[in-house]
Each structure stands twice: as structure tokens, then as C-alpha cells.
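K.L.:
Numbering (the working numbering), first residue to last: 127 to 214.
Beta carbons are placed, not taken as given, at the ideal position from N, Cα and C, and that holds for glycine.
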Amino acid sequence: GGAKNWEGCGAWQLPVDDRALKLAAAAGPEGDGAVIREWLNRGVASGLVTRQEIASMLPVALMGVEPHHAILDLCASPGSKTTQAVDA
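1. What does A137 pair with, by DSSP beta-bridge criteria?
2. Assuming L149 is part of the alpha helix (DSSP H), what are its boundary residues?
3. Residues in the same chain with beta-carbon distance under 6 angstroms from V159, minus the five sequence neighbours each way, listed in chain order, please.
4. Quick one: what does DSSP say G173 is sitting in, helix, strand or coil?
5. Please report the distance separating the alpha-carbon of D144 from that of K207.
6. Leaving out the 5 sequence neighbours to the left and right, which residues in its chain are closer than 8 angstroms to P185 when beta-carbon positions are compared?
7. Looking at C-alpha atoms only, which residue of I180, L200, G154, P204 is the closest neighbour of L140?
Dropping the structure here:
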């Protein structure tokens, strides 16, 4: 299957993991894996994309964070859930 839109999270899930992308990119610069990996790398470098596991996204999505909420993340390392909460 293709990419999955996690509505309510503002997130998309790609049907491949990082290892598969690395292997596909190693096969050649013109393949789909290389193109997706380059797009992800540019997005992360520019701050437009944050890579995160589904299990890490769900707590913030289920909390229903609103702009007026105050949140204390006691497990903020490396901070992806905190970033997601700030973006909510």
C-alpha cells in the first residue's frame, strides 16, 4: 500500500522503514527509494518534516492539544512529542 494519512495527527506514514530507504537509495540515485529519502532529508534539514514513530505520535494526538494548553513533557528526549505538541 501507499502512504497513510493519520487524520487528526497532521501526519503521514510511509510504507517503508529507514533501512529499506537506505537500501533502495544505495541501488541508484534515480530509484523511488532514493527520491523519497532525499525528499525526507531535505524536509528534516529545513524543519518542515519531523520523522517520528507512530507509537510516539499517538499520545499527543490522543491528548487533543489546543493552543491554550500548557504541557510539561517529563520524557522529552529527543523531544519529538514536545515538537508535535507545539505544532498542534
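P.N.:
Taking the coordinates as given:
1. For A137, DSSP records a beta bridge to W132.
2. DSSP places L149 in the uninterrupted alpha helix (DSSP H) bounded by 144-152.
3. Correcting the residue type first, residue 159 is Gly in the shown sequence and not Val. Excluding sequence positions up to five before and after G159, its CB lies within less than 6 angstroms of the CB of L147, A150, A151, all in the same chain and listed in chain order.
4. The answer is coil: DSSP assigns G173 none of H, G, I, E or B.
5. For D144 and K207, the distance between alpha carbons rounds to 19 angstroms.
6. So the list reads K207, once near-sequence residues are dropped.
7. It is I180 whose Cα lies nearest to the Cα of L140.
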